[in-house]
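The sequence shown runs -21 to -1, 1 to 369 under mature numbering (1 follows the signal peptide of the UniProt record, and there is no 0). Beta carbons are placed, not taken as given, at the ideal position from N, Cα and C, and that holds for glycine. Since we're looking at a predicted model, the values are computed, not measured. Step one of this worksheet: look at the structure below.
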Amino acid sequence: MASRLLLLLATLALLFVAAAGQEGNNISKPFNPSCSTSDNYTDGSQYKKNLDQFLAALPTAAGDNGWFYKGSAGSGPDAVFGLIMCFADRDASDCLYCISTASAGITTACPGSRNVSAAYDACVLRYSTAPIPTTADLGYVFAEPLTGIGMPLTSEAVLDVWVPLMAALSSSIAFDTSRSFRSSMPYSSTGSQEMEMYGLAQCTRDLNGSECSTCIRSYAVRLRKLFPSHTGCSIKGYSCYLRYQVSFLIDITLPPAPAPAPAPPTSSPPTPGTHPPAAASLWVWEYHSRGAILDAADARFKGELEAREMETVMVVGLWCAHPDRSLRPSIRQAVSVLRSEMPLPNLQARMPVATYEPPPDAFYYTSTTVTSVNSSTTRSSMTITTVLPK
């Protein structure tokens, strides 16, 4: 029923766009889009057909998935890969309108382009000839100061609350699978009543926690340099969005993504609150193999640890639970890594198969040292190599 309603709403929105275009009120235009200029497609080409198919599916696909969608259309050299995301502080009507007008008008803004990134007021759209990377794009499309509270405020007063708020946003979002997080902190300046400084951070949901946290921290640094004394600012890019403002409530207004279907019951379900150690290790290792180990963290630790600290704890945990006992660290080694006195071990992506009584020299450690050419800094790393018996 919900899908049919979304389809009807998308159809109505597209009809509105078409009618507005006939009256000269053209489709939505992106802010300074990135449009490729080489190897352009032509009308009637297979790439254009696949692109039209992908864009037409966006309103319903995103609406069914919490206003974020990442997918593809077609195959081979003419395949189209892309994503669309609505900003979390917009409502469903704003989002549907943005997706509909963006998908209807992007080929006018970037005619013939095979690789496009475009940001709008309420959404961001990307498509390409290759899968969209799952690493954060730290560049930004636009940043702006927002309406203040109508009284002078010193930059020191702003920073006293701004710094911990940005730290909370950048660390907590790493553990939120929706990749959107809001928070607030009390704020006051000389001669003014106590108010709240609200903040919102958001990343595209294809980013893992570490990439998302890095992007938000990068944006916070940019805002501090661009607007050091403003009481409200926002910055938007193709991978993340950051906004803060004093006294103006900032909230996540988009409906949440639908909950995943429950797993089928097993013949002997585990006791609530317990997890067999081997199963827990396998589960965490699976997230590690995807490059998203922070997504396996207990949500109750949200905000208690920085993303890097939590990643260190979880990687050391996998190291200590390595299926091959000979590759597990000593207590001294584990503590040294937790204290950042030694680098994180480079565990292999997939959980190795447990082996017992391995032949001599079947497993070994190798240590490498990398020295920067342009500085005197030397960085050491530890690599764990597993050689399975034939």
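Where does residue i fall in DSSP's three states?
i, result
"LYS8", "coil"
"PRO322", "coil"
"VAL95", "strand"
"GLU135", "helix"
"ILE63", "strand"
"ASP73", "helix"
"TYR20", "coil"
"residue 374", "The first residue shown for the chain is -21 and the last is 369, placing residue 374 beyond what the model contains."
"GLN327", "coil"
"ILE214", "strand"
"GLY118", "coil"
"ALA313", "helix"
"LEU233", "coil"
"PRO308", "coil"
"ALA58", "coil"
"ALA180", "strand"
"SER13", "strand"
"PRO124", "strand"
"SER208", "coil"
According to the neighbour-count rule (16 or more other Cβ atoms, all chains shown, within 10 Å of its Cβ), is residue i buried or exposed?
i, result
"ARG196", "buried"
"GLU290", "buried"
"LEU144", "buried"
"GLU190", "buried"
"ARG304", "exposed"
"SER246", "Model confidence at SER246 stands at a pLDDT of 49, short of 50, so the residue's coordinates are unreliable and nothing is read from them."
"PHE66", "buried"
"THR210", "buried"
"PHE160", "buried"
Terminal residues of the continuous alpha helix (DSSP H) containing residue i?
i, result
"MET293", "286 to 299"
"GLU190", "188 to 205"
"ALA35", "25 to 42"
For the putative contact between residue i and residue j, defined by C-beta atoms under 8 Å, what is the C-beta separation to the nearest angstrom?
i, j, result
"CYS212", "CYS182", "Not really, about 18 Å apart at Cβ, beyond 8 Å."
"ALA286", "SER82", "Going by Cβ atoms, the distance from ALA286 to SER82 rounds to 33 Å, so no, they are not a contact pair."
"CYS102", "ILE152", "19 Å between Cβ atoms; not a contact."
"TYR106", "PHE33", "7 Å"
"LEU148", "GLY178", "5 Å"
"ARG69", "LEU221", "That pair is no contact at about 15 Å."
"GLU175", "SER192", "Their Cβ separation, rounded to whole angstroms, is 23 Å, which puts GLU175 and SER192 out of contact at 8 Å."
Could you check where the beta strand (DSSP E) with residue i kicks off and where it finishes?
i, result
"residue 376", "No information on residue 376 is available, as it lies outside the stretch -21 to 369 that the chain covers here."
"PHE160", "159 to 166"
"SER107", "102 to 107"
"ALA52", "47 to 52"
Is residue i near the ligand ATP, in the sense that its beta carbon is under 7 Å from a heavy atom of that ligand?
i, result
"LYS49", "Absence of the ligand ATP is noted for the structure shown, with no ligands found whatsoever."
Taking three-plus beta-carbon pairs below 8 Å as touching, is the region 87 to 98 in contact with the region 13 to 20? yes
So does the region 23 to 39 actually touch the region 59 to 76, counting three or more Cβ pairs closer than 8 Å? yes
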